[in-house]
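>
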Amino acid sequence: SQKIEQNSEALNIQEGKTATLTCNYTNYSPAYLQWYRQDPGRGPVFLLLIRENEKEKRKERLKVTFDTTLKQSLFHITASQPADSATYLCALDTAAGNKLTFGGGTRVLVKP
Amino acid sequence: GAVVSQHPSWVICKSGTSVKIECRSLDFQATTMFWYRQFPKQSLMLMATSNEGSKATYEQGVEKDKFLINHASLTLSTLTVTSAHPEDSSFYICSAGLEDTQYFGPGTRLTVL
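Same order as they appear, the protein sequences are chains A and B. The working numbering puts the first residue of the first sequence at 262, with every later residue one more than the last. The working numbering puts the first residue of the second sequence at 6, with every later residue one more than the last.
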């Protein structure tokens, strides 16, 4: 069956360090993968989209890699700040029409 | 750009009543909108895909007669929870599709007493 897995354990990290999150998937062949940020009691906010033919994408302090052989994406937050504390969700397109399936999310806590 | 609003942000209702939630794309047109629900400490679960001018497509296990979806224009989709019961209490989030991305509303917290 299709599965998207993110580390369910919270990631505690010191301010200024790099946070690295993983998203693994099985039995999918996505055309693209997306990362979202969700704060408590709020809807997700789109961060980055990476396509199957792209290895890496950056946006400010964020970097995403996509390895379709390993079926894995890594999400990096460099020079992390307490304001980066949130839950980060990866999502894959699983059908036509932009339909997405989300992983369970990883909570990040950046300590000053 | 790509702002989506939801109204109301929270609602408390009595069991047996119906509740309508609106989702609007404010600065773009969306042929497709999506409705999700999220339980505490869980991820988003897609309920249905709403297409402008046609019937919504519901995910397996979602009762279409209970969760009525109307996508009357390219900027507005509504979800009506009919005859709500306490087990329908949840966080409902809509999104609007733009190119390959979905942009989400802020969510609606529904509490059914």
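Don't be surprised by glycine CBs; every beta carbon is placed ideally from N, CA and C. Computed from a predicted structure; not experimentally measured.
Tell me whether the region 265-276 of chain A and the region 364-373 of chain A touch, counting them as touching only if at least three CB pairs, one residue from each stretch, are closer than 8 Å.
Contact between the region 265-276 of chain A and the region 364-373 of chain A is present, because at least three Cβ pairs lie under 8 Å.
> B:Y63 and B:A77: beta carbons closer than 7 Å?
No, the pair does not count as a contact, with Cβ atoms beyond the cut-off.
> Should A:Y297 and A:L353 be called a contact, given that it needs their Cβ atoms to be closer than 7 Å?
In this structure, A:L353 does not lie closer than 7 Å to A:Y297 by Cβ.
> Got a sec? Which residues, its chain only, sit under 6 Å from B:N81 by beta carbon, not counting five neighbours each side?
Reading the sequence as shown, one finds Leu at residue 81 of chain B and not Asn. Only R29 meet the Cβ criterion.
> Interface residues of chain A around B:I98 at Cβ under 7 Å?
Neighbours of B:I98 on chain A, chain order: G304.
> Measuring only the C-alpha atoms, how far is A:G366 from B:Q47?
Roughly 8 Å between the two C-alpha positions.
> Whole angstroms is fine: what's the gap from B:A61's alpha carbon to A:K278's?
About 45 Å.
> Can we say the region 86-93 of chain B touches the region 18-29 of chain B, given the rule of at least three CB pairs closer than 8 Å?
The region 86-93 of chain B vs the region 18-29 of chain B: in contact.
> Please list the partners that A:F363 has in chain B, where partner means a Cβ-to-Cβ separation under 9 Å.
Correct list: Y41, S48, L49, M50, L51.
> DSSP three-state call for A:D354: helix, strand or coil?
The answer is strand: DSSP assigns A:D354 an E or B state.
> How far does the beta strand (DSSP E) with B:H90 in it extend, from its first residue to its last?
Looking at the DSSP string, B:H90 is not in any beta strand (DSSP E), and its letter there is neither H nor E.
> Can you tell which of B:V117, B:T113, B:S59, B:E57 has the C-alpha that lies nearest to the C-alpha of B:A89?
Answer by Cα proximity: B:V117.
> Taking DSSP as the reference, what is the three-state secondary structure of A:A280?
In the structure shown, A:A280 sits in a strand (DSSP, three-state: E or B).
> Using a Cβ cut-off of 9 Å, which residues of the region 88-115 of chain B contact any Cβ in chain A, in chain order?
Those residues of the region 88-115 of chain B that come within reach of chain A (Cβ to Cβ, closer than 9 Å) are F96, I98, C99, S100, G102, L103, E104, D105, T106, Q107, Y108, F109, G110, P111, G112, R114.
> Looking at the C-beta of A:F327, does it have a partner C-beta in chain B at a distance below 7 Å?
Closer than 7 Å: no.
> Whose C-beta lies closer than 8 Å to the C-beta of A:K316 among residues of the same chain, with five residues either side of it excluded?
Counting only Cβ-Cβ distances below 8 Å, and skipping sequence neighbours, we find T326, F327, D328.
> Between A:L335 and A:T283, is the Cβ-Cβ spacing less than 7 Å?
Yes, they are a contact pair.
> For B:S59, count neighbouring Cβ atoms within 10 angstroms of its own Cβ and tell me buried if that reaches 16, exposed if not.
Classification for B:S59: exposed.
> Which residues of chain A have a Cβ atom closer than 8 Å to the Cβ of B:T80, listed in chain order?
Within 8 Å Cβ-Cβ: nothing; B:T80 doesn't reach chain A, min ~17 Å.
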